[in-house]
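Enquirer:
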Amino acid sequence: MHFASHFTNACSSVKMTSRQHSYSSLLDGFLVSLQPIVTSDHAENTFCYGFILLEKMVKICCIGAGYVGGPTMAVIALKCPSIEVAVVDISVARITAWNSDELPIYEPGLDDVVKQCRGKNLFFSTELEKHVSEADIIFVSVNTPTKTRGLGAGKAADLTYWESAARMIADVSKNDKIVVEKSTVPVKTAEAIEKILTHNSKGINFQILSNPEFLAEGTAIQDLFHPDRVLIGGRDTPEGQKAIQTLKKVYAHWVPEDRIICTNLWSAELSKLAANAFLAQRISSVNAMSALCEATGADVTQVSNAVGKDSRIGPKFLNASVGFGGSCFQKDILNLVYICECNGLPEVANYWKQVIKVNDYQKSRFVNRMVSSMFNTVSGKKIAILGFAFKKDTGDTRETPAIDVCKGLLGDNAHLSIYDPQVTQEQIQRDLSMEKFDWDHPTHLQPMSPYGVKQVNVVSDAHEATKDAHGLCILTEWDEFKTLDFKRIYDNMQKPAFVFDGRNVVDASKLREIGFIVYSIGKPLDAWLKDMRAVA
Numbered sequence: 201m202h203f204a205s206h207f208t209n210a211c212s213s214v215k216m217t218s219r220q221h222s223y224s225s226l227l228d229g230f231l232v233s234l235q236p237i238v239t240s241d242h243a244e245n246t247f248c249y250g251f252i253l254l255e256k257m258v259k260i261c262c263i264g265a266g267y268v269g270g271p272t273m274a275v276i277a278l279k280c281p282s283i284e285v286a287v288v289d290i291s292v293a294r295i296t297a298w299n300s301d302e303l304p305i306y307e308p309g310l311d312d313v314v315k316q317c318r319g320k321n322l323f324f325s326t327e328l329e330k331h332v333s334e335a336d337i338i339f340v341s342v343n344t345p346t347k348t349r350g351l352g353a354g355k356a357a358d359l360t361y362w363e364s365a366a367r368m369i370a371d372v373s374k375n376d377k378i379v380v381e382k383s384t385v386p387v388k389t390a391e392a393i394e395k396i397l398t399h400n401s402k403g404i405n406f407q408i409l410s411n412p413e414f415l416a417e418g419t420a421i422q423d424l425f426h427p428d429r430v431l432i433g434g435r436d437t438p439e440g441q442k443a444i445q446t447l448k449k450v451y452a453h454w455v456p457e458d459r460i461i462c463t464n465l466w467s468a469e470l471s472k473l474a475a476n477a478f479l480a481q482r483i484s485s486v487n488a489m490s491a492l493c494e495a496t497g498a499d500v501t502q503v504s505n506a507v508g509k510d511s512r513i514g515p516k517f518l519n520a521s522v523g524f525g526g527s528c529f530q531k532d533i534l535n536l537v538y539i540c541e542c543n544g545l546p547e548v549a550n551y552w553k554q555v556i557k558v559n560d561y562q563k564s565r566f567v568n569r570m571v572s573s574m575f576n577t578v579s580g581k582k583i584a585i586l587g588f589a590f591k592k593d594t595g596d597t598r599e600t601p602a603i604d605v606c607k608g609l610l611g612d613n614a615h616l617s618i619y620d621p622q623v624t625q626e627q628i629q630r631d632l633s634m635e636k637f638d639w640d641h642p643t644h645l646q647p648m649s650p651y652g653v654k655q656v657n658v659v660s661d662a663h664e665a666t667k668d669a670h671g672l673c674i675l676t677e678w679d680e681f682k683t684l685d686f687k688r689i690y691d692n693m694q695k696p697a698f699v700f701d702g703r704n705v706v707d708a709s710k711l712r713e714i715g716f717i718v719y720s721i722g723k724p725l726d727a728w729l730k731d732m733r734a735v736a
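Residue numbers (our numbering): 201 to 736.
1) Please classify Phe575: is it buried, with 16 or more other beta-carbons within 10 angstroms of its beta-carbon, or exposed?
2) Does DSSP put Trp626 in a helix, a strand or coil?
3) Just how far apart, CA to CA, sit Tyr651 and Lys259?
4) Just verifying my parser: in three-state terms, what is the DSSP assignment at Cys280?
5) Runs of 4 residues minimum, wholly inside the stretch 550-576: which ones carry the alpha helix (DSSP H) assignment?
6) By DSSP's criteria, Ala365 is part of a beta bridge. Which residues make up the other side?
7) Taking contact to mean 3 or more Cβ pairs, one atom from each stretch, closer than 8 Å, check whether the stretch 408-420 and the stretch 264-278 are in contact.
8) Just reading off the alpha helix (DSSP H) that Leu397 is part of, what are its end residues?
9) Assign Val718 to one of three DSSP states: helix, strand, or coil.
10) Go ahead and pull the three-state DSSP assignment for Lys730.
11) Evaluate Leu424 with the Cβ neighbour count: other Cβ atoms within 10 Å of its Cβ, from every protein chain shown; 16 or more gives buried, anything less gives exposed.
12) Might you give, ordered along the chain, the residues of its own chain that have their beta carbon closer than 8 Å to the beta carbon of Lys592, omitting 5 neighbours on each side?
13) Considering just the uninterrupted stretch of the beta strand (DSSP E) at Lys592, what are its terminal residues?
14) Taking just the CA atoms, how far does Ala495 sit from Ser572?
15) By the DSSP assignment, the alpha helix (DSSP H) with His331 in it spans what residues?
16) If distances are taken between C-alpha atoms only, which option among Thr577, Phe517, Ser282, Gly587 comes closest to Asn613?
17) Rounded to whole angstroms, what is the Cα-Cα separation between Pro724 and Gly497?
18) Which of the three DSSP states is assigned to Tyr619 in this structure?
19) Using a threshold of 8 Å, state whether the C-beta atoms of Gly715 and Ala727 are closer than that.
20) Does the distance from the C-beta atom of Leu533 to that of Val558 stay below 8 Å?
21) My output table needs one value for Phe517: the three-state DSSP class, helix, strand or coil.
22) Using the beta-carbon count (16 or more within 10 Å), is Tyr719 buried or exposed?
23) Do you know whose CA, among Ala420, Ser410, Asp499, lies nearest Ala708's CA?
24) Starting from the N-terminal side, write out each stretch of the alpha helix (DSSP H) that is 4 residues or longer and does not extend beyond the stretch 289-330.
25) Could you give the uninterrupted runs of the beta strand (DSSP E) lying entirely in the stretch 439-472, keeping only those of 3 residues or more?
26) According to DSSP, what are the bridge partners of Asp701?
27) Mind checking whether Glu439 and Asn464 have CB atoms under 8 Å apart?
28) What span of residues does the beta strand (DSSP E) with Lys667 cover, start to end?
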């Protein structure tokens, strides 16, 4: 039925006992509103309902149903009920999970958002070509792993999945589209994607935008609800500026206009890399100070608190730890290093390399401290690992410091008992079996050892993990680790019993009163630890 016939049929008078609210719906691709209009027959309370054309319905498709694509599209669907949002992925298992009661990722608040919208204006599907063909705006949120071979191996981003997505978009498109970079990509990626689309366009006009995400896992939903900024980069042409305004209108449904920043493409692409590099730099800076604090008897918590009181610096990202992790920081800095090298800026490249080197140093220093404290060997000893995710309130283990710490201990033939409230045994075994950078490929393309790591036991309870252990180390700052019954844990451990706090979450003085030998990063050392020097 055509829009005109809908409009005509709807304008017939309807007897009502009281005026009803207006009703909005979609007809022939247009958002229309059924509004009550009072007739002259007031005595019978009769109203004529007519359709008022509001706007053309926008359809959004996101390629990639991962940590960025899924939550971002769910919030857009929630905040923009007039927009139809489809999230597509080649992984049947992942899409099945998004359509179930057990979502494939853990993020506080995500479950409620998805359940409010799913099946209404939010859909998860494996029909990539269908939804891409129908969409007006296409977000591309696919993996951009670090290359493991060839030119730029170990630093450059592998854009294989991005290029494949671009070629598919060009093949199936029948009308003009806005293509949005949501993945973190190298500067000038938009130019390369633009060339692929243009040379395969068949007369269709594509506008490329960069709209990088600035989400912190564990607070992603709140970050999406109340973003510090939304960044949109596009071409400085009439068509490019129009595309920017189209995407801006989507975010303007809930984001204040002064928080939506519009730039050129290259500034938007580089801003994402720069933001992550700056944040990682702060963590490496305070971690470098933590080593100096241990050597001098200073307390890194007190130092970072004093430094953070300076309004020019601020208190965020100044917590010393075993090291940073997550999918972005290391990958983006390596990418930044490669871009600097390619543009003849070796001094700048070397500056950013140091951020990674300090992070690696912090992890190896932590392992060496553990081994040296326990009579210079952990061979055959049970070590409890509390926390495996790279931070609390997420199940994400990508580049988690726990991987390097565990591998370091396994290299000395330790036996590990691991507990994390959100990470599965399968994921832990997979992470400890994979080579560096393999994690950032789609799951079905990740190499998987046919056997688990024999010296690793994954358990479902912190007390089970620590029973008969020689030492325990805390690698994720889960809140529950602050309130454990450490007296009970101490009684069930081998003696001397060691605690290695990689997140500074426990009260070291109380644990020492119980009988533990405690190492907290950047804090004054136990007399025991002073006698057993750790060399990284």
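The beta-carbon is built from N, C-alpha and C at its ideal position, and this holds for glycine as well.
Computed from a predicted model, the values in this text were never measured in an experiment.
Expert: Straight from the coordinates:
1) By one-based count along the sequence shown, residue 575 stands at place 375. Label assigned to Phe575: exposed.
2) To locate residue 626, count along the sequence shown from 1; it is residue 426. In the sequence as displayed, the identity of residue 626 is Glu instead of Trp. Here Glu626 sits in helix by DSSP.
3) Position 451 of the sequence shown, counted from the start, is the residue given in the question as residue 651. Position 59 of the sequence shown, counted from the start, is the residue given in the question as residue 259. No answer about Tyr651 holds up, because its pLDDT of 48 lies below 50 and its placement is not dependable.
4) Here residue 280 is taken as the residue at index 80 of the sequence shown, counted from 1. It is coil, neither helix nor strand.
5) Secondary structure remark: continuous alpha helix (DSSP H) runs of at least 4 residues inside the stretch 550-576: none found.
6) Taking the sequence shown and counting its residues from 1, one reaches residue 365 at position 165. Beta-bridge pairing links Ala365 to no other residue.
7) yes
8) The residue you call residue 397 lines up with position 197 of the sequence shown. According to the DSSP assignment, Leu397 belongs to the alpha helix (DSSP H) that extends over 389-399.
9) On the sequence shown, residue 718 is found 518 positions in, with the first residue counted as 1. Three-state result, Val718: strand.
10) As a position in the sequence shown, residue 730 is number 530, starting the count at 1. Helix.
11) What you label residue 424 is simply residue 224 of the sequence shown in a count that begins at 1. Answer is buried; the Cβ neighbour count reaches 16.
12) To locate residue 592, count along the sequence shown from 1; it is residue 392. The residues are Gly418, Thr676, Glu677, Trp678, Asp679.
13) Taking the sequence shown and counting its residues from 1, one reaches residue 592 at position 392. Note, Lys592: premise wrong, no beta strand (DSSP E); not H, not E.
14) As a working note, residue 572 is residue 372 in the sequence shown. As a working note, residue 495 is residue 295 in the sequence shown. One C-alpha to the other measures close to 16 Å.
15) Position 131 of the sequence shown, counting from 1, holds the residue named residue 331. Note, His331: alpha helix (DSSP H), 328-334.
16) Along the sequence shown, read from residue 1 onward, the residue named residue 613 stands at position 413. Out of Thr577, Phe517, Ser282, Gly587, Thr577 has the C-alpha closest to the C-alpha of Asn613.
17) The count along the sequence shown starts at 1 and reaches residue 724 at position 524. The count along the sequence shown starts at 1 and reaches residue 497 at position 297. Answer to the nearest angstrom: the Cα atoms are 5 Å apart.
18) As a working mapping, residue 619 is identified with position 419 in the sequence shown. Three-state DSSP puts Tyr619 in a strand.
19) On the sequence shown, position 515 is the one that residue 715 refers to. On the sequence shown, position 527 is the one that residue 727 refers to. No, the pair does not count as a contact, with Cβ atoms beyond the cut-off.
20) Translated into the one-based positions of the sequence shown, residue 533 becomes position 333. Translated into the one-based positions of the sequence shown, residue 558 becomes position 358. This sequence places Ile at residue 533; Leu is not what is there. No, the Cβ-Cβ distance between Ile533 and Val558 is not below 8 Å.
21) Residue numbering aside, residue 517 sits at position 317 when the sequence shown is read from its first letter. Reduced to three states, the DSSP call for Phe517 is coil.
22) Numbered from 1 along the sequence shown, position 519 holds the residue referred to as residue 719. Burial state of Tyr719 is buried, judged by a 10 Å Cβ sphere holding 16 or more other Cβ atoms.
23) The residue you call residue 708 lines up with position 508 of the sequence shown. Of the candidates Ala420, Ser410, Asp499, the one whose C-alpha sits nearest the C-alpha of Ala708 is Asp499.
24) Counting only runs of 4 or more, we get 292-298, 310-317.
25) 460-464
26) Locating residue 701 in the sequence shown gives position 501, counting from the first residue. DSSP output for Asp701 lists Ile674, Ser720 as bridge partner(s).
27) Stepping through the sequence shown from its first residue, residue 439 is reached at position 239. Stepping through the sequence shown from its first residue, residue 464 is reached at position 264. Cβ distance not < 8 Å, so Glu439 and Asn464 don't count as in contact.
28) Within the sequence shown, residue 667 is the residue found at index 467, counting from 1. Note, Lys667: premise wrong, no beta strand (DSSP E); not H, not E.
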